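When we follow our numbering, the leftmost residue of the sequence shown carries the number 3, and every step to the right adds one. First comes the structure, then the notes that go with it.
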Amino acid sequence: RVGSASSLSSAVINTRLQELVRLFKERTEKVKEKLIDPDVTSDDETPVASPAAALVPAPEEELEGDKPSGDDHYCEMLCCTFKHRPWLDRLKSSQFPSSIDPLTNLMYVLWLFFVVMAWNWNCWLIPVRWAFPYQTPANIHYWLLVDYLCDLIYLLDILIFQTRLQFVQGGDIITDKKAMKENYLRSQRFKMDVLCLLPLDFFYFKVGVNPLLRFPRCLKYMAFFEFNDRLEAILTKAYIYRVIRTTAYLLYSLHVNSCLYYWASAYEGLGSTTWVYDGEGNSYIRCYYWAVKTLITIGGLPDPKTLFEIVFQLLNYFTGVFAFSVMIGQMRDVVGAATAGQTYYRSCMDSTIKYMNFYKIPRTVQNRVKTWYEYTWHSQGMLDESELLVQLPDKMRLDIAIDVNYNIVSKVALFQGCDRQMIFDMLKRLRSVVYLPNDYVCKKGEIGREMYIIQAGQVQVLGGPDGKSVLVTLKAGSVFGEISLLAAGGGNRRTANVVAHGFANLFILEKKDLNEILVHYPESQKLLRKKAKKMLKSNNKPKDEKGGPGDPLIIPPKADTPKLFKAALAATGRMEGKGPLGRLRWRLKELKAMQE
């Protein structure tokens, strides 16, 4: 037992001594490196990234968090315990917001949809109920039920939603309840909302249920235009909605014209002349068909007989020509706006092809240029991404760059531990470039001035005796050329050929952009220099230790002295140089001294 205990203690002491030796070695290497390169910082001077650190709770806090707090409520059912919130707390948490952002709140857009539906009910059905005999004493209560439901939506919009809308005053977003209410009461919107709710329904008791008394309900058109703006802002393809809305304008003008035609026919007498509606078939469909032929000026209509019919037909023709031309012009604008990007792409390609034909560029080069245009347009939807971001403020450009590029750049080993704000500044300098299949991204021996980040596609690193052997294939998210950004003294030359394997979309960071950024971050600059030197050493170490199998040696290394010969020389050393081996040893020492 005593022997085993002593051996165990000696093993522990030996392990601790080895650990101390290792720590002393590391410290000596750091001090030596610090003396050689004063820019190298210690581990304590390494800049700390600026993102908010996640708070790691202590073990005691974790244990306390597992325990139910006094505010939590539990419900026991059979053998299980379920955590639930009191119904009063749930009711309080679901209360209506005190202020509404009209630009970003989707709940407000949904409410505007119901308001617009109520407005469309009045705009489309008031003319129908006035002209056609569809409102009868048997179904009057159904019409009135929907009418007053729409009035309730109007009233809720005034009392609850419009008085809670935020607004901007002097650059500040106002969320005070009193200020929001006063702003709405002073606006033109409030006057029109009150006017559209005029209680003309009380005249029903004197003149009967006349739908024309509800005509002021159609004055709530501001909600319709506001809904259009909000909906187009959240749709990815807003031009589709614009086409549908323009078509609805045309259909509504035909709808009103059909109602007016039936009213004119009833005024003249149904079937009294060949021009008026004869009262056969579905009245609305027949009148709508007549309105389509009139407004679009197809022709083939019966000639008007009376003065009233002639005046009505002339006004119809004039209105039809004007309305139809307006609709065609608006539809042309909608389609033109939807295809503006495609038109710009076609014009750029046509100009480039015209330029290449003028200077008689070879056909193979022209085909590659055309392929680049087509792939760039179909993959990105634009030719230059920077054109869209130029008009945005600097903060918004940074937000977009973070969402698009931060996950890739943050994985680059060279930038690990750098200041986060420096990474943000670098993201705004990245430039997207598309390479075609077999395009050289960089060639061996050229000066490296860029770093490449693969966004999509693959690139191949070529090497070997013929320079065509594939050494490695880099995929999306990989980075290469980062050492060239910080290398100096001839160390920024490319060491291999890099070729695009298929279509490749790369982000490029130029050396001058990085230098401009590092001026404001000296600590990160020192850290990057240190990392670049370490990466260069690690890349050169295998080459220094042993050459490649095919590397020719100008001066072959001297063969090691045989072990038997070394033993003989050692024995002669003990014999004080006597004998032939002693003289040979003395001769070797003399030659060694002369070489030194």
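Glycine is no exception: its CB is placed at the ideal position from the N, C-alpha and C atoms. Remember, predicted model here, so these are calculated numbers, not experimental data.
Sequence-distant residues of the same chain with beta carbon closer than 7 angstroms to residue i, five excluded per side
i	result
residue 304	276 and 277
residue 264	133, 134, 279, 285 and 289
residue 471	464 and 465
residue 499	442, 445, 446, 464 and 469
residue 497	446
residue 179	100
Coarse secondary structure for residue i, derived from DSSP in three states
i	result
residue 23	helix
residue 13	helix
residue 349	helix
residue 512	strand
residue 504	strand
residue 169	strand
residue 131	helix
residue 365	helix
residue 102	strand
residue 595	helix
residue 270	helix
residue 307	coil
residue 302	coil
residue 31	helix
residue 290	helix
residue 225	helix
residue 263	helix
residue 316	helix
residue 239	coil
residue 380	helix
residue 282	coil
residue 327	helix
residue 218	helix
residue 126	helix
residue 210	coil
residue 163	helix
residue 97	coil
CB contact flag (residue i, residue j, <8 angstroms)
i	j	result
residue 432	residue 407	yes
residue 175	residue 168	yes
residue 479	residue 473	no
residue 114	residue 191	no
residue 202	residue 215	yes
residue 519	residue 427	yes
residue 444	residue 526	no
residue 481	residue 455	yes
residue 195	residue 160	yes
residue 504	residue 460	yes
residue 248	residue 315	no
residue 111	residue 236	yes
residue 211	residue 287	no
residue 166	residue 145	no
residue 485	residue 534	yes
residue 116	residue 155	yes
residue 101	residue 182	yes
residue 402	residue 411	no
residue 199	residue 157	yes
residue 270	residue 308	yes
residue 440	residue 501	yes
residue 121	residue 226	yes
6 angstroms CB neighbourhood of residue i in its chain, flanking five on each side removed
i	result
residue 281	272 and 273
residue 487	453, 513 and 516
residue 252	329
residue 29	none
Same chain, Cβ closer than 8 angstroms to residue i, neighbours up to 5 away in sequence not counted
i	result
residue 343	383 and 384
residue 148	123
residue 297	255, 256, 259, 318, 321, 322, 325 and 326
residue 128	213, 214, 216, 217, 219 and 220
residue 292	260, 263, 279 and 303
residue 234	240, 243 and 244
residue 43	Summary for residue 43: the model assigns pLDDT 46, below 50, so the residue's position carries little reliability, and this model does not support an answer.
residue 367	358
residue 404	426 and 429
Bridge partners - residue i, DSSP secondary structure assignment
i	result
residue 174	171
residue 495	449
Runs of alpha helix (DSSP H) lying entirely within the segment 403-486, each at least 4 residues, in chain order: 422-429
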